[in-house]
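First up is the structure itself, then whatever we jot down about it.
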Amino acid sequence: MKTNRTFTMIKPDAVANGHIGAILDHITKAGFKIIALKYTLLTTDKAGEFYEVHKERPFYPNLVKFMSSGPIVAAILEKDNAVADFRTLIGATDPSKAEKGTIRNLFAKSIDANAVHGSDSDENAEIEGNFFFSAFEKF
Ligand code: RTP
Ligand code: MG
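Its first residue numbered 278, the sequence shown is counted upward by one per residue in my numbering.
Below you can see the structure in the form of structure tokens.
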């Protein structure tokens, strides 16, 4: 299945550091259209469910704790080649390895608190978008 949509979250660190506006500006200036948008807080159960694919990984407990530590912004984004282009826009998982000018290079401090999430496949973009948004919340 090939879609032109991806899913993102502005993570608790970037929200707490006041970067919501700057990150959304960066995203829209890169040509992504906002299809759905929500400011919300993940419970530990919800964060655990969202990142269930990483359940067996050593970083999973920390990841779940961090992602439920404060409010996040969730969004569905549209653009040609959305998933791959958005991964390029956000940069490497570890911000010290993220290319200059990427969102993680500009706004993230560590691999744990890395400012944004981006879907890693069209299939996961669809699943993740539906995790947060109903059909009535996508425009
Ligand atoms: P995300 O899902 O949040 O967009 O990040 P990603 O695809 O770049 O990285 P992923 O492998 O999906 O991992 C999810 C989040 O877990 C944390 N992580 N820590 N300590 C580690 O080796 C490690 N590896 C991953 C990161 O915060 C990553 O964003
Ligand atoms: Mg990932």
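The C-beta atom is built at its ideal place from N, Cα and C for all residues, glycine as well. Model, not experiment: these values are computed from the prediction.
Residue environment for A291: buried (at least 16 other C-beta atoms within 10 angstroms of its C-beta). Of the residues assessed, E405 falls on the buried side of the cut-off, its CB having 16 or more other CB atoms within 10 angstroms.
Linking A352 to A313 through their CA atoms gives a straight-line distance of about 5 angstroms. DSSP, read as helix, strand or coil, puts T283 in strand.
In the three-state reduction of the DSSP assignment, H394 falls in the strand class.
Boundaries of the beta strand (DSSP E) harbouring K310: K310 to T317, taken from the DSSP string. Non-local beta-carbon contacts of H331 in its own chain, meaning distances under 8 angstroms to residues more than five positions away in sequence, involve Y337 and L340 in chain order. The ligand RTP never approaches F413 closely enough for any of its heavy atoms to be under 7 angstroms from the residue's Cβ. When beta bridges are read from the DSSP output, A352 appears opposite T285 and L314. The straight-line gap separating the alpha-carbon atoms of F384 and A392 is approximately 6 angstroms. Taking 8 angstroms as the cut-off, the beta carbon of F343 is found closer than this to the beta carbon of P289. Residue nearest to I388 within the set E403, I367 and G378 is I367 (criterion: CA-CA distance). Secondary structure of A299 (DSSP, three-state): helix.
Closer than 7 angstroms to some heavy atom of the ligand RTP: that does not describe the Cβ of I287.
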